[in-house]
Each structure stands twice: as C-alpha cells, then as structure tokens.
Amino acid sequence: MKAVILAGGLGTRLSEETVVRPKPMLEIGGRPILWHIMQIFAAHGVTEFVICLGYKGYVIKEFFLNYRLHLSDVTLDLGRGDVQFHRSAAEDWKVSLIETGDATMTGGRLKRVRDYLGEDDFFMTYGDGVADIDLTALAAFHRAHGRLATLTAVVPPGRFGALDLAGDAVRSFREKPAGDGATINGGFFVLSPRVLDRIEGDATVWESEPLESLARDGQLHAYHHTGFWQAMDTLRDKKHLEELWARGHAPWKVW
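For the sequence shown, this note's numbering gives the first residue as 16, with consecutive numbering after it.
In structure tokens, the structure reads:
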C-alpha cells in the first residue's frame, strides 16, 4: 500500500515558524515531523509515499533531493562533476513529490494525485500529526468491513491540567487529562480510490462533503485508536513533542 501525506497547507497557527518553511518541515529532534510520520508508516512496511505539496513545497523537494547526500560518505570528482556514494544511512523509500497548488483545499490535493495511486486501497494522513497507531491493524480493519473509507477516531489530549477538588479544598492535580470523551477525526485513513469520485475539484474540503457523503451512504467506518496521538497545531504542541523526544519518551517512535 502507498501512503498519501497532505503537506501543502499554510500552517497559520504556527506562523512564527512557517513563515520560512511549510509546517511538515518543522523539526522534532532535528528531523522534520514529516520524516517522523513516514517512519511510522515504514515501521509497518509502507515505504512508497505520495506527498501533496503546496505552500513552500520547494523546501520539501530540496530536503529529499539532498537527503541521501547528507546521510552518506561521498567522493567528489570536481573536475568531472561525478559523485560516488560509499555508505548511506538513507531509508529505502520511494517518494513522489507532487505540486498540488498553493490554494488547493485538502480534498482537491487528494484528487490531484489520482494518477500516482493506482487501483489499490491506500493510506492517507496529514503532515502534522504523529501517533503510535497500529497501521497493520488499521488496514486489516478496513479490509474486514469492506467499505470505501476508514478514518482513525481518537480522543484529543487535554490542553490544561485539572484540579481534583473536594469543595474548596484541592486534593490533587491531574496533568492534562484527556478531553471530554468525544472522539475526533485523527487522520490516518485507509481509502479506496473510488472515494476520489466524490471530490469535485480544488475547492473541495475533504473533511466536508466527501466525508459527509461517505458517512451518509454507510461507506465510512471508524477505527478506534486509544493510544498516543498528537497534532502539531500550535507552538505549544511543537514544544510538547520536542520535550517528549528529548526525554526519550516519544510514544510515536515505533521504528
């Protein structure tokens, strides 16, 4: 199976960082969060990626074009212009970097890469969220129910600590408990190529009419992930992920 990653948005809530690079290129532990997401897929045998570029997509292209060079020992013949690679730590991935337009919406980006997907079901996710999700189990769940689409349902982490009170007395603190129990779309989809017929064009938001129509038609099921999940929407989120990585307690590091 291939994995499609949406990596073309503006990332306006992280404008302090995204003014010079797209959000999927913001680093956690010295590597772009996009690389972390790809490692999660690779840990489950998914090594062919289609990355939907938009805002500052050239930054992502430059990263991958130079990726092997930066991880290798090389000999340069300056006169002939030859480069010989001796030892490389680069992963054995196939990465298609597809320009899908600066202003294209999420559904439109997905539809624009149709020619790179083939006829098999594929994974799709966003370029700003990590999880310790069992992608092998997700794919098996999708095949078992036989519908066109599967999304991953998650309970978002709490944003603030909570107080355990007895009247006016504070009994204890609870650090960032989960939300109110409601589940949200956590990305990490498995999709049939047939879902692309429900996307009208560049202005279509994937999370709106396409997903809603799939739900109405009984073609959308939810895989419940109860482990770690975190989207990098704000600078606070980025710092939290950085702290987890620095402490050696990054739950999404399944590779």
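Where a beta carbon is used, it is the ideal one built from N, C-alpha and C, also for glycine. Since the structure is predicted, the reported quantities are computational estimates derived from the model, not experimental observations.
Can you name the start and end residues of the beta strand (DSSP E) that residue i belongs to?
i    : result
V19  : 18 to 22
W221 : Premise fails: W221 is in no beta strand (DSSP E) and is neither H nor E.
F204 : 204 to 206
V145 : 144 to 146
In the structure shown, what three-state DSSP assignment does residue i receive?
i    : result
R36  : coil
V74  : helix
W260 : helix
G123 : helix
D252 : helix
F243 : coil
A58  : coil
F137 : strand
R129 : helix
D149 : coil
L25  : coil
I214 : coil
Considering residue i, what are the terminal residues of the alpha helix (DSSP H) in which it resides?
i    : result
W270 : That residue, W270, is in no alpha helix (DSSP H); it is neither H nor E in DSSP.
A197 : Element bounds for A197: n/a, residue is neither H nor E.
Does any residue of chain C have a CB that is nearer than 8 Å to the CB of residue i?
i    : result
L206 : The structure shown has no chain C; it contains just one protein chain.
Going by DSSP, name the residue or residues bridged to residue i.
i    : result
P47  : E42
L235 : A164
E63  : K109
V169 : I199
Just confirm the distance between the C-beta atoms of residue i and residue j, as a whole number of angstroms; I'd bet it's less than 8 Å.
i    : j    : result
L229 : R213 : 7 Å
C67  : L29  : Not a contact, Cβ separation roughly 19 Å.
Y131 : V61  : The Cβ separation is near 15 Å, so there is no contact.
R83  : A105 : 4 Å
Checklist entry - Which ranges does the beta strand (DSSP E) cover as unbroken runs of at least 3 residues, wholly within the region 69 to 118, from first to last along the chain? => result 87 to 92, 97 to 103, 109 to 114
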